[in-house]
């Protein structure tokens, strides 16, 4: 009897010790999976790692006894490389949370893996709206923007302004297809017509053939469902072939501040497009961006992808700090993150929906004329704001199984 | 039908770049027996050189056409003197690996400092002749709007290609050069400085790459990876044309530009692969390339 009782005590004590050890596990490993060397590396790349480091420093968690590590890898825009790295990160390096993961093809592949292994992905880089629709996952939050929102904001504004016939120039992979599909839907819904499309391989350098086809279509709007270097080359060469001076209008469906910087205002002026972050929106964004650009080799201002990495991680840190420790359980942490309203200086106040969609306002910008700009990086004029609830796909249209209807 | 003419012309424009770049490769391979994988990086350096000339010193496009190839050519000659010359006589693989490594380093350095989205470089707007401001604007050919700059690229590269061909195939200097490749010992016996000639040849090949870089700066963004994206296609062009054949690489360059242009029209999804499909076919039927001599 005596032996039994002492065994019982010992057992309880051990269980308690084990229990508290789990609760006090204050280690986190962050994986920045991005394009570190290719055409999208200015949008994410090294800047995303800088943003993650800044989030770690600003969270103040180190002072509370947390140990946070950041690893970074280049997925080279290839889904197979992305998943191989992700698998190794989760299995061997015990990475808890993935950030950035730009390129929709890579993001969709990693999304499945993260769900299977119960890790977390805060996707700030990929565009495809499928991440919170048919492919939604209890482990993934889609933070910054998506194709539905871009289509909704830019597409609607352009059709309203009289651009009712569209021709698409589409990057031939998951992202381009999603952007073309979502924009076509908005165009048709707003009373416009899509009269043609041409799909070019990712990372093309010459667009003149495609532009000539778009020119011959006589469409009022040429919708560029591509990104990064593909978009900048399209815009530059469209100017050369007299497309804009011929009366057709280019619609940049996904443009980043880095693209505008690299084009120069002379070529980019007058373009309309949508972003959810711009460095010069308010004091909070300006302060962050200044600190960020000082740490960048080329002194670049943050893209919305990089800003999203910071904002997403700040929210993640708040959540796990409130939980008292890292449970290493993706579904549990993401559920808690969805319960907690978000608030940070970059994207303001927001919420995360059941389908994993982070909501915040979408801004319609116009690129300034060279005469209006005060210097490098002073590029945008804000011409419209859509509140988060209206900017993204409404839950009533959602095909995500996580949404209860 | 009109659209087809336009695509043929656009193909010819892209072909000019292929021709200029594959010509440089062919010269280097033919004379030095080096598979120059750094060619794309040197092409990129040419474009960056034009950018720096304009933005740091205010020297415009026309001078850049001369200065950039010389500057990058000198860089190439330093490479040849300090590294490549030690590989003479070794297996091709060593040269390929070394130049590939150099390309990665050069691209990495540029990307570190300038990012991947690139820098703007405008089409020159001087001198003003009549109604034309430099090479800006375009003219309506009926079946298409031809930017003047693109027309200039085709004409200029054709001239440069033919001049290079003439230099190597028809002049005394070229004859010495070809003789030096065949039998360097004997040529040296005639009192000709063969190592210096080889260095200059490498400089010429590199200069051609840099020239193509300057030509493409106003069309494409000046980006660190602009050459990496192009070089693989250019290698396919060289293989199809026959390694080391000067005229072969010029003609193949233009022809493949046109074929690629047509693919962009009829089946755009395949436009990045059509060159390689052709390469496989040519290698199956005629392993030495279309104009190559049997080794």
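Residue numbers (the numbering used here), protein chains in the order written: chain V, 1 to 405; chain P, 1 to 295.
Note that beta-carbon positions come from the ideal geometry of N, C-alpha and C, so glycine has one too.
DSSP places residue 272 of chain V inside the beta strand (DSSP E), whose first and last residues are 272 to 275. Nearest CB-CB separation between residue 116 of chain P and chain V: below the 8 Å threshold. Distance from the CA atom of residue 14 of chain P to the CA atom of residue 6 of chain P, rounded to whole angstroms, is 13 Å.
In terms of beta-carbon proximity, residue 22 of chain P stays away from the interface with chain V, with every pair separated by 8 Å or more. Secondary structure at residue 147 of chain P: strand, using DSSP grouped into helix, strand and coil. Note on geometry: alpha-carbon atoms of residue 61 of chain P and residue 152 of chain V lie some 42 Å from one another. In terms of CA proximity to residue 34 of chain V, V:51 leads the group V:51, V:272 and V:26. Where residue 118 of chain V is concerned, there is no enclosing beta strand (DSSP E), because DSSP gives it neither an H nor an E.
At a cut-off of 8 Å between C-beta atoms, residue 226 of chain V does not count as an interface residue with respect to chain P. Proximity to residue 326 of chain V across V:206, V:302, V:238 and V:65 peaks at V:65, based on C-alpha coordinates.
In chain order, 362, 391 and 392 place their CB closer than 6 Å to the CB of residue 149 of chain V, counting only its own chain and leaving out the 5 sequence neighbours on each side. Residue 118 of chain V and residue 331 of chain V have their C-alpha atoms spaced approximately 6 Å apart. Chain V has a Cβ within less than 8 Å of the Cβ of residue 271 of chain P. DSSP places residue 278 of chain V outside both helix and strand once states are collapsed to three, so it counts as coil. Around the beta carbon of residue 30 of chain V, a 10 Å sphere encloses 16 or more other beta carbons of the protein chains shown; the residue is thus reported as buried. At a cut-off of 8 Å between beta carbons, residue 10 of chain P contacts chain V. Against residue 3 of chain P, the close residues of chain V are 212, 213 and 216, in the order they occur along the chain (beta-carbon pairs closer than 9 Å).
At a cut-off of 8 Å between C-beta atoms, residue 237 of chain V counts as an interface residue with respect to chain P. Around the Cβ of residue 91 of chain P, a 10 Å sphere holds fewer than 16 other Cβ atoms; the residue is exposed. Exclusion of the five residues before and after residue 311 of chain V leaves 344, 346 and 347 as the residues of its chain whose Cβ lies within less than 6 Å of its Cβ.
The contact set of residue 200 of chain V on chain P, defined by CB atoms closer than 9 Å, consists of 264, 268, 269, 271 and 272 in chain order.
When 8 Å is used as the limit between beta carbons, residue 226 of chain P is near these residues of chain V: 205, in chain order. Cα atoms of residue 80 of chain P and residue 72 of chain P: separation of roughly 12 Å, rounded to the nearest angstrom. With a threshold of 16 other beta carbon atoms within 10 Å, residue 161 of chain V falls short and is exposed. If you compare the alpha carbons of V:173, V:92 and V:167 with that of residue 127 of chain V, the shortest gap goes to V:173. One alpha carbon belongs to residue 173 of chain P, the other to residue 109 of chain P, and they sit about 37 Å apart. Taken in chain order, the whole alpha helix (DSSP H) runs of length 4 or more contained in the stretch 83 to 152 of chain P are 92 to 114.
Restricting attention to V:254, V:253, V:235 and V:252, the CA atom closest to the CA of residue 245 of chain V is found in V:235. Out of V:195, V:397, V:26 and V:27, the CA that lies nearest to the CA of residue 221 of chain V is found in V:195. Ranked by Cα distance from residue 228 of chain P, the first of V:227, V:278, V:205 and V:134 is V:205.
In the DSSP assignment, residue 365 of chain V is bridged to V:273 and V:382. Take residue 119 of chain P, set aside five residues on each side of it, and the residues of its chain with a beta-carbon closer than 6 Å to its own are 51 and 222, in chain order. Taking CB atoms only, residue 325 of chain V has no neighbour in chain P less than 8 Å away. In terms of CA proximity to residue 192 of chain V, V:157 leads the group V:272, V:157, V:202 and V:266.
If you draw a 10 Å sphere on the C-beta of residue 107 of chain P, you find 16 or more other C-beta atoms in it, and that means buried.
Taking the CA atoms as reference points, residue 242 of chain V sits about 47 Å from residue 70 of chain V.
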